[in-house]
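Novice: Protein chains in written order, with the numbering used here: chain B, 621 to 730; chain X, 155 to 268.
Pasting a structure here, questions to come.
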Amino acid sequence: DQQVKQNSPSLSVQEGRISILNCDYTNSMFDYFLWYKKYPAEGPTFLISISSIKDKNEDGRFTVFLNKSAKHLSLHIVPSQPGDSAVYFCAARGGGKLIFGQGTELSVKP
Amino acid sequence: DAGVIQSPRHEVTEMGQEVTLRCKPISGHNSLFWYRQTMMRGLELLIYFNNNVPIDDSGMPEDRFSAKMPNASFSTLKIQPSEPRDSAVYFCASSFSTGLETQYFGPGTRLTVL
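Written as structure tokens, this is what we have:
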């Protein structure tokens, strides 16, 4: 059973537009959420995080939104750039460990 | 400072053979994690260590998998015997602790079992 789900395996966006990546979770005890970005042949790298006591965290072009009642978080990238093309994993912290989703492959077309 | 180092980067082996994956965490980090990436399940945590002690191995698929961390700078993940369904990318990650600190991932080992 997947406690963290990313239901869209892929997303294609035009350069300059907004990219919205979604993530759902089932465990209300998760207290911290992260997004990781992964390029081919490399390990995932940390992108942005949010504590469960907040509903928004922004870092440059990247904003993460958390809706605790819906157990849903999203990552917004504005404006999207071709270099943002990668696989994005959301993760939730629970029981001292991170639980990752399946990943969403974002393709930003020029 | 070097990041997390994993070896080998690629491993091709035949079913039934023993496979050993190696990891050197970032110096000073005291938590180490082994993950497996597959298309269906994404990134799965297999096992993690804190101060060289295994804390949670509930993600280890079965007895064919074992992991050790003999010291703070080295860990191994062993599969014996290997099976084709073990084919995946295996990542090692490290962090200062299992708290809010982010995990830093190695480049991964792509394992193919024929």
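Cβ coordinates follow ideal geometry from the N, Cα and C atoms, glycine included.
With a threshold of 16 other CB atoms inside 10 Å of the CB of Gly-260 (chain X), please say whether the residue is buried or exposed.
Specialist: Classification for Gly-260 (chain X): buried.
Novice: Residues in the same chain with beta-carbon distance under 7 Å from Leu-199 (chain X), minus the five sequence neighbours each way, listed in chain order, please.
Specialist: So the qualifying residues of the chain are Phe-187, Tyr-189, Gly-213.
Novice: Who are the neighbours of Lys-717 (chain B) on chain X, taking C-beta pairs under 7 Å?
Specialist: Simply Leu-199, Tyr-202, Asp-210, Thr-252.
Novice: Kindly list, in the order they appear in chain X, the residues whose Cβ is closer than 9 Å to that of Glu-662 (chain B).
Specialist: What Glu-662 (chain B) touches in chain X: Phe-259, Pro-261, Gly-262.
Novice: Helix, strand or coil for Pro-629 (chain B) per DSSP?
Specialist: Coil, per DSSP.
Novice: As a quick exercise: from B:Ile-670, B:Lys-676, B:Gln-623, pick the residue whose alpha carbon is nearest that of Asn-647 (chain B).
Specialist: The option with the nearest alpha carbon to Asn-647 (chain B) is B:Gln-623.
Novice: Residues in the stretch 168-197 of chain X with C-beta within 7 Å of chain B's C-beta atoms, listed in sequence order?
Specialist: Taking 7 Å as the Cβ-Cβ cut-off against chain B, the residues of the stretch 168-197 of chain X that qualify are Arg-195, Gly-196, Leu-197.
Novice: Pop quiz: Asp-644 (chain B) and Lys-674 (chain B) are said to be a contact at Cβ under 8 Å. What is the actual Cβ separation, rounded to whole angstroms?
Specialist: At roughly 18 Å, the Cβ-Cβ gap does not stay under 8 Å, so Asp-644 (chain B) and Lys-674 (chain B) are not in contact.
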